[in-house]
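> Offset between the sequence shown (1-based) and the numbering used here: plus 7.
I have a structure here, written as structure tokens, and I will follow up with some questions on it.
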Amino acid sequence: MEGDSVTLTPNDADIMGENLIMWTFGHNSLIAKINRKDSKRQFFDERFRDRLKLDQTGSLTITNTRTTDSGLYQVLCTSKDTPVSIFNLAVYAHLPVPVISNSSSSGPASKCVFLCSVVNVSDVTLSWYKGNSLLSSISVSDLSRSLSLHLECLDDSYSCVVNNPISNQTQHLNTELCQPCSGLSVI
8 MEGDSVTLTP
18 NDADIMGENL
28 IMWTFGHNSL
38 IAKINRKDSK
48 RQFFDERFRD
58 RLKLDQTGSL
68 TITNTRTTDS
78 GLYQVLCTSK
88 DTPVSIFNLA
98 VYAHLPVPVI
108 SNSSSSGPAS
118 KCVFLCSVVN
128 VSDVTLSWYK
138 GNSLLSSISV
148 SDLSRSLSLH
158 LECLDDSYSC
168 VVNNPISNQT
178 QHLNTELCQP
188 CSGLSVI
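Below, the structure is given as structure tokens:
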């Protein structure tokens, strides 16, 4: 989660006897290295300024993670031609609570129409639920998105949920925004 710390630890067997351990990010951009003989550490990438720690074991800690830290991290040693360890890190942003707005029209045959919206998010799923049953869902890869819910009447509890692989946020529909059902509801 954005703001957390994460430690990437190479397998001890892969780096045993190695003096120089190097870490790359993305397209083989060198971000840190340690010479274990003299404990000399160097950090190279401004994106990680004051957020990297490298210990004697070769473990790399990234503090105050950002979504831009997501990507491929590799451990290289001078005696080997290929990376000895590879990590694919995914950092997710904190999710906002979705906003439910009423976009119903007035009139004798009017239906209740609600929009559930999220802004400034990417790579999330936005869903409407009736009780615990999923009604509709979309995957959102852009920054702002809405999902509509059409009701003739309100016959249960409804909620909108935004989620990513590690967290979710829920907003419950205010039951006063639509008339109670005396018969069927249409979704």
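By construction, the Cβ of each residue, glycine as well, lies at the ideal position given by its N, Cα and C atoms.
Just reading off the beta strand (DSSP E) that Gln-39 is part of, what are its end residues?
Reading the sequence as shown, one finds Ala at residue 39 and not Gln. Element bounds for Ala-39: 36 to 42.
> What three-state label does DSSP hand Arg-218 in the structure shown?
The structure shown does not extend to residue 218, since the chain is modelled only from 8 to 194, so the question has no answer here.
> My assumption, with CB atoms under 8 Å, is that Ser-134 sits in contact with Ser-140. Please give the rounded CB distance.
Contact doesn't hold; Cβ gap of about 11 Å is too wide.
> Please name the residue in Cys-160, Val-169 and Lys-60 whose C-alpha comes closest to that of Ser-46.
Nearest C-alpha to Ser-46: Lys-60.
> Mark Val-104 as exposed unless 16 or more other C-beta atoms lie within 10 angstroms of its C-beta, in which case mark it buried.
So Val-104 counts as exposed.
> I'd like the span of the alpha helix (DSSP H) that includes Ile-173, first residue to last.
Ile-173 -> no alpha helix (DSSP H), and no H or E assigned at all.
> Just the C-alpha distance for Leu-102 and His-179, rounded to the nearest angstrom, thanks.
Approximately 16 Å, taken between the alpha carbons.
> Can you tell me whether Ser-153 is buried or exposed, with buried defined as 16 or more other CB within 10 angstroms of its CB?
Buried is the call here.
> Contact check, Arg-54 vs Glu-9 under 8 Å by CB: the rounded distance?
Not really, about 14 Å apart at Cβ, beyond 8 Å.
> Nearest by alpha-carbon distance to Ser-155: which of Asp-149, Ser-129, Ser-110 and Lys-44 is it?
Closest option to Ser-155, Cα to Cα, is Ser-110.
> Would you tell me roughly how many angstroms separate the C-alpha atoms of Pro-17 and Asp-52, rounded to the nearest one?
Going by the C-alpha atoms only, they are around 20 Å apart.
> With 16 as the cutoff for other CB atoms within 10 Å, does Met-29 come out buried or exposed?
When all chains shown are included, Met-29 counts as buried.
> For Leu-184, which of helix, strand or coil comes out of DSSP?
In this structure, Leu-184 counts as helix in the three-state DSSP scheme.
> Mind reading off the beta-carbon distance from Leu-79 to Ile-93? Whole number of angstroms is fine, and I expect it under 8 Å.
The pair is a contact, with the Cβ atoms about 7 Å apart (cut-off 8 Å).
> Going by the beta-carbon positions, is the gap between Val-85 and Leu-27 smaller than 8 Å?
Strictly speaking, residue 85 in this sequence is Thr, with Val absent from that position. Yes, Cβ-Cβ distance for Thr-85 and Leu-27 is below 8 Å.
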